[in-house]
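Asker: Take a look at the following structure, please.
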Amino acid sequence: MIWLIPPYAVRVVTAGAKTVPIADPAHTIVGDVGDPTAQAWLVGWGGHALTNGLRGLWDTNAFYPDKYGLALNDSLLGYAPAGLIGNGVVGAVLRYNILFVLAFALAFLGGYALLRQLGANKVAAAVAGAALAYAPWRYGHDGHLNILSTGGITLALAMLARGHGLSFTRGYLAERVRPGWAFAGWLVAAWQVSLGFGVGLGFVYVLAALCLITLIAWLIHRPRLGLRLIVGDLIGGLVFTAVTGYFAYAYQHVRELNPHVTRDWDYVAYFSPTLRGLLVAPQSSLPWGTLHNDARTALGGVPNEKVLLCGYALYALAFAGLFLSRWSPVQRLLLLFGAVVGVLFALGTNGPIYRLLYLYVPGFDGSRTPGRLILWPTLCLAILAAGLVAHLADVARRGAKPKWSVGAARLLTVPLLVLVLVEGLPDLGHPQTPAKPAAMALASRARSDHGLAVRRQRRPQRPTLVDRRFSRHGQRCGQLHHTQSSGDPRRYGDLPQRAGLGSVAPARHPQRRPAAQPTPRDPIRTTA
Numbered sequence: 029m030i031w032l033i034p035p036y037a038v039r040v041v042t043a044g045a046k047t048v049p050i051a052d053p054a055h056t057i058v059g060d061v062g063d064p065t066a067q068a069w070l071v072g073w074g075g076h077a078l079t080n081g082l083r084g085l086w087d088t089n090a091f092y093p094d095k096y097g098l099a100l101n102d103s104l105l106g107y108a109p110a111g112l113i114g115n116g117v118v119g120a121v122l123r124y125n126i127l128f129v130l131a132f133a134l135a136f137l138g139g140y141a142l143l144r145q146l147g148a149n150k151v152a153a154a155v156a157g158a159a160l161a162y163a164p165w166r167y168g169h170d171g172h173l174n175i176l177s178t179g180g181i182t183l184a185l186a187m188l189a190r191g192h193g194l195s196f197t198r199g200y201l202a203e204r205v206r207p208g209w210a211f212a213g214w215l216v217a218a219w220q221v222s223l224g225f226g227v228g229l230g231f232v233y234v235l236a237a238l239c240l241i242t243l244i245a246w247l248i249h250r251p252r253l254g255l256r257l258i259v260g261d262l263i264g265g266l267v268f269t270a271v272t273g274y275f276a277y278a279y280q281h282v283r284e285l286n287p288h289v290t291r292d293w294d295y296v297a298y299f300s301p302t303l304r305g306l307l308v309a310p311q312s313s314l315p316w317g318t319l320h321n322d323a324r325t326a327l328g329g330v331p332n333e334k335v336l337l338c339g340y341a342l343y344a345l346a347f348a349g350l351f352l353s354r355w356s357p358v359q360r361l362l363l364l365f366g367a368v369v370g371v372l373f374a375l376g377t378n379g380p381i382y383r384l385l386y387l388y389v390p391g392f393d394g395s396r397t398p399g400r401l402i403l404w405p406t407l408c409l410a411i412l413a414a415g416l417v418a419h420l421a422d423v424a425r426r427g428a429k430p431k432w433s434v435g436a437a438r439l440l441t442v443p444l445l446v447l448v449l450v451e452g453l454p455d456l457g458h459p460q461t462p463a464k465p466a467a468m469a470l471a472s473r474a475r476s477d478h479g480l481a482v483r484r485q486r487r488p489q490r491p492t493l494v495d496r497r498f499s500r501h502g503q504r505c506g507q508l509h510h511t512q513s514s515g516d517p518r519r520y521g522d523l524p525q526r527a528g529l530g531s532v533a534p535a536r537h538p539q540r541r542p543a544a545q546p547t548p549r550d551p552i553r554t555t556a
């Protein structure tokens, strides 16, 4: 969808007037050459840290000699294993582009899994997954992999709900409890937090609120819980808490080292969107990007942080889902309440309640972009839309003959899925990655030459034909072999000593007298 459909979709929309080639994922990068290249480096730094036992993980070379430079941005540490694959600029760009595509795929999968667990059918769950993965506002962050990586949130919620036997349609069923799924859900939640607090901070507080609500419900109804589920929740919850605390300590420590990273209210106001932003798409949206040029200009500076369009199709489906839905009226009202509160938070200084987060909830005074909280209204709207689509499928099945029931349901609901997918088509830029700087190329060549010289120093030398021919002359042969084994001092100089190595001592032949020892001024060493 991200790499193949948009080029052909552009040709169809423009009647062939505009041709867009398929991007080369090894030499072009999604978005621009600013933030995406920096985040490609972050993934590579994580892989470098893994190969060195995580020593110096937070003290990056980018801000040397400052400490905790990695905490000045979302670390993307959860992607560190990908940094072990490939090397060099091409490897960094290729794996970043692959992660970019997988981030959308995981967002779709997480939304689909969550709605299936809540009780939606397959098409309805796909509608929710498409709305969460391809919402137009997300393309305003095409250079922010940390913000696009939201699939772990919905996937963790789906796994936790499945593990605890919870759904919207069936409620709590003890026979559907799966402790393994619950434990795995905590691990996925911890992985999501390891990507950074850009969206992870809100996820931590939402998950804490859901745990509190679940605890209160348990105290009221007192359902019987199995020992395995309790143990899984305790261990998984401790892992999640430890990971969250580890990253929270790093981010808090870098704030102590750099007090200026705290965002004042006026600075947050510059990045805060308005209600109009809910109807405006970013430039990278294929259906709406060009049409909304004037609307984006009217939003003011940094428009990509102020465009909040979740999708007109999603708005319509969610609104209808308030009246026709598979979900209960109470569930619909709660989802509506969550969507409204989420929007008010996403408005930042232009809303009435964001100041509460800024003043009283730890961590939010370090965030400058409240508009990214639009993720949570999008989730509530996607669940409402899925409830409508599931209800329409039920109506179609009841109104058709049994042998036509499945076809009738698909005929009514699949076009709604296609509508959401079409509105979510991107028109992403793929600029050529800049060439490696000359200084970096020189350093790489020097490093290669250094390694070659060290290997030559350490490689044992076999006696040559000249050695064998003159082996009867003793001292002369020993001196010749000594020179070949140790290398030419004019060529290698003190490289073995600088590399922490010594030269190989000359071999002894039975018919040969020991070679003369060099004087202290001789640059060739015969012992390590």
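Numbering-wise, my numbering puts 398 at position 370 of the sequence shown, and it's gapless, one number per residue. Idealized CB from N, CA, C, for every residue including glycine. For clarity, every value in this text was computed on a predicted model and none was experimentally measured.
Which residue from Asp477, Ala278, Pro301, Gly328 puts its Cα closest to that of Ser103?
Answerer: Ala278
Asker: Assign Phe268 to buried or exposed, taking buried as 16 or more other Cβ atoms, counted over all protein chains shown, within 10 Å of its Cβ.
Answerer: buried
Asker: Considering only residues of the same chain and omitting the five flanking positions on each side of Gly106, which have a CB-CB separation below 6 Å?
Answerer: Closer than 6 Å at the Cβ level, and outside the excluded window around Gly106, lie Trp219, Ser222, Leu223.
Asker: My assumption, with CB atoms under 8 Å, is that His192 sits in contact with Ala217. Please give the rounded CB distance.
Answerer: About 14 Å separates the Cβ atoms of His192 and Ala217, ruling out a contact at the 8 Å cut-off.
Asker: Under a three-way DSSP split, which group does Ser195 fall into?
Answerer: strand
Asker: If you follow the alpha helix (DSSP H) that Phe211 is in, where does it begin and where does it stop?
Answerer: Phe211 -> alpha helix (DSSP H) spans 207-222.
Asker: In its own chain, which residues sit with a C-beta less than 8 Å from the C-beta of Leu327, not counting the 5 before and 5 after it?
Answerer: Pro301, Thr302, Arg304, Gly305, Val308, Lys334, Val335
Asker: So Leu440 and Leu420 are in contact, right, with Cβ under 8 Å, and what is the actual spacing, rounded?
Answerer: A Cβ-Cβ distance of about 5 Å is found for the pair Leu440 and Leu420, placing them in contact under the 8 Å criterion.
Asker: On the DSSP bridge list, what partners appear for Thr290?
Answerer: According to DSSP, which records beta bridges pairwise, Thr290 is partnered with nothing at all.
Asker: If you draw a straight line from the alpha carbon of Ser177 to that of His288, how long is it in whole angstroms?
Answerer: 27 Å
Asker: Taking the Cβ atom as the reference point for each residue, do Gly391 and Ala237 lie within a distance shorter than 9 Å?
Answerer: Going by C-beta atoms, Gly391 is not nearer than 9 Å to Ala237.
Asker: DSSP three-state label for Pro454, please.
Answerer: In the structure shown, Pro454 sits in a strand (DSSP, three-state: E or B).
Asker: Considering Thr318, what are the terminal residues of the alpha helix (DSSP H) in which it resides?
Answerer: Careful: Thr318 lies outside any alpha helix (DSSP H) and carries neither H nor E.
Asker: Here's the rule I'm using: 16 or more other beta-carbon atoms within 10 Å means buried, otherwise exposed. How should Pro331 be labelled?
Answerer: Label assigned to Pro331: buried.
Asker: Need the endpoints of the alpha helix (DSSP H) that Arg425 sits in, please.
Answerer: Bounds of the alpha helix (DSSP H) holding Arg425 are 403-427.
Asker: Could you name the residues of the same chain whose beta carbon sits closer than 7 Å to that of Arg396, not counting the 5 residues immediately before and after it, in chain order?
Answerer: Counting only Cβ-Cβ distances below 7 Å, and skipping sequence neighbours, we find Arg291, Tyr295, Val296, Phe299.
Asker: What's the C-alpha gap between Asp477 and Ala463?
Answerer: 22 Å
Asker: Rounded to the nearest angstrom, what separates Ile263 and Leu243 at their Cα positions?
Answerer: 17 Å
Asker: Would you kindly report the start and end of the unbroken alpha helix (DSSP H) that includes Cys338?
Answerer: Taken as a continuous stretch (DSSP letters only), Cys338 belongs to no alpha helix (DSSP H), as it is neither H nor E.
Asker: Could you tell me the distance, in whole angstroms, from the CA atom of Val423 to the CA atom of Lys150?
Answerer: A straight line joining the alpha-carbon of Val423 with that of Lys150 spans about 15 Å.
Asker: Give me the DSSP bridge partner(s) of Gln359.
Answerer: Paired residues: none, contrary to the question.
Asker: Would you mind working out which of Tyr167, Gly72, Leu229, Trp69 sits nearest Cys338, comparing C-alpha positions?
Answerer: Tyr167
Asker: Quick one: what does DSSP say Gln145 is sitting in, helix, strand or coil?
Answerer: helix
Asker: What does the alpha-carbon distance come out to for the pair Leu127 and Gly415?
Answerer: 31 Å
Asker: Can you tell me whether DSSP reads Ser433 as helix, strand or coil?
Answerer: helix
Asker: Please state the DSSP three-state secondary structure of Thr56.
Answerer: strand
Asker: Cα separation between Gly515 and Val129?
Answerer: The pLDDT assigned to Gly515 is 42, lower than 50, so where the model puts this residue is not dependable, and the model offers no usable value.
Asker: Please report the Cβ distance between Val71 and Pro64, rounded to the nearest whole angstrom; I am assuming they are in contact, meaning their Cβ atoms lie under 8 Å.
Answerer: Their Cβ separation, rounded to whole angstroms, is 11 Å, which puts Val71 and Pro64 out of contact at 8 Å.
Asker: Residues in the same chain with beta-carbon distance under 7 Å from Gly317, minus the five sequence neighbours each way, listed in chain order, please.
Answerer: Ala309, Pro310, Gln311, Asp455
Asker: According to DSSP, is Tyr277 helix, strand or coil?
Answerer: helix
Asker: For Ser395, write down the residues that DSSP places opposite it in a beta bridge.
Answerer: The partner list for Ser395 (beta bridge, DSSP) is empty, contrary to what the question assumes.
Asker: Can you grab the Cα-Cα spacing for the pair Leu449 / Val434, in whole Å?
Answerer: If I take the Cα positions, the gap works out to 22 Å.
Asker: Express the C-alpha separation of Phe231 and Gly265 in angstroms, rounding to a whole number.
Answerer: 14 Å
Asker: Provide the residue(s) that pair with Gln17 in DSSP beta bridges, ordered along the chain.
Answerer: A question about residue 17 goes unanswered here, because the residues of the chain that appear run from 29 up to 556.
Asker: Can you give the Cα-Cα distance for Gly81 and Asn115, rounded to whole angstroms?
Answerer: 18 Å
Asker: Going by the DSSP bridge assignment, what does Ser313 pair with across the sheet?
Answerer: Pro454
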